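Remarks on the structure that follows.
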Amino acid sequence: DMIKKKHLVPGSMPRYVWYDNNCGLFKYCAARTGERLHLDVGLPVDVFHWKCKHKKTDIECSFHCNPHLFQELLKDDNTWFFNSSRAEQTNVWFGGYHAIVREMGAVKYEFFLDEMILQKNKLTRAKLEAEGCIPGYRRELRFASTVLST
497 DMIKKKHLVP GSMPRYVWYD NNCGLFKYCA ARTGERLHLD VGLPVDVFHW KCKHKKTDIE
557 CSFHCNPHLF QELLKDDNTW FFNSSRAEQT NVWFGGYHAI VREMGAVKYE FFLDEMILQK
617 NKLTRAKLEA EGCIPGYRRE LRFASTVLST
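Mind the numbering: the sequence shown is residues 497 to 646 in my numbering, read in order.
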């Protein structure tokens, strides 16, 4: 229901949804009469989850949510467009704040996590810069120069 509530505008539902337990979500949706989310949206699991969390005989995980069945999520060099393992690591990082945020209301919760994310981003950027990286540089951006006439 959360996914549907987030995408109320017709045509706004993504083609794929990454969720920590998509195989469980698939199983839940498939068991509900009239539910179409699992039919209309791809629900791949993280590659690590696919390799380690279930037996290969698990129908939901191995067949319906197997990330390797979603070839359109792979780039030409056979790497993933979306780094689901990094998302999993971030989810674990968020989990470290669970004891702090569990009693917070929505406004304080969002403010706290926004601040933690800003601090984490500053630390990550500083670490990358110290390693000689340029974290703000994006190769795919091309800037067109415009001439203004007066």
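Every residue gets a Cβ at the ideal spot worked out from N, C-alpha and C, and that includes glycine. As the structure is a computational prediction, the values presented were derived from the model and not from experiment.
Give me the Cα-Cα distance between residue i and residue j, rounded to the nearest whole angstrom.
i              : j                 : result
glycine 601    : phenylalanine 608 : 11 angstroms
lysine 523     : histidine 545     : 16 angstroms
asparagine 579 : arginine 598      : 28 angstroms
histidine 564  : asparagine 518    : 14 angstroms
serine 508     : arginine 532      : 15 angstroms
glutamate 629  : alanine 526       : Contrary to the premise, residue 629 reads as cysteine rather than glutamate in this sequence. Near 46 angstroms, if we compare the C-alpha coordinates of alanine 526 and cysteine 629.
leucine 614    : threonine 586     : 13 angstroms
lysine 500     : alanine 626       : 42 angstroms
aspartate 554  : alanine 622       : 43 angstroms
histidine 594  : asparagine 574    : 35 angstroms
lysine 552     : glutamate 568     : 22 angstroms
arginine 528   : leucine 535       : 12 angstroms
aspartate 572  : cysteine 548      : 26 angstroms
leucine 570    : tyrosine 605      : 35 angstroms
Sort the options by Cα distance to residue i and report the nearest one.
i                 : options                           : result
cysteine 557      : Val588, His594, Phe577 and Asp516 : Asp516
glycine 591       : Phe577, Ala626 and Met612         : Met612
phenylalanine 577 : Leu504, Ile499 and Trp514         : Trp514
glutamate 584     : Gly538, Val543 and Val505         : Val543
tyrosine 512      : Leu539, Gly632 and Phe559         : Leu539
glycine 520       : Ile596, Thr620 and His560         : His560
arginine 582      : Val541, Val505 and Phe566         : Val541
Going by DSSP, what residue range makes up the alpha helix (DSSP H) through residue i?
i              : result
isoleucine 499 : 498-502
glycine 591    : 580-591
methionine 509 : Methionine 509 -> no alpha helix (DSSP H), and no H or E assigned at all.
glycine 520    : 518-527
cysteine 548   : 543-548
asparagine 562 : Note, asparagine 562: premise wrong, no alpha helix (DSSP H); not H, not E.
aspartate 536  : 533-536
lysine 571     : First-last for lysine 571: undefined, no H or E at that position.
Exposed or buried, what is residue i when buried is set at 16 or more other beta-carbons lying within 10 Å of its beta-carbon?
i          : result
valine 537 : buried
valine 588 : exposed
Please decide whether residue i counts as near chain D, where near means a Cβ-Cβ distance under 8 angstroms.
i            : result
arginine 511 : Absence of chain D from the displayed structure is noted, only one protein chain being present.
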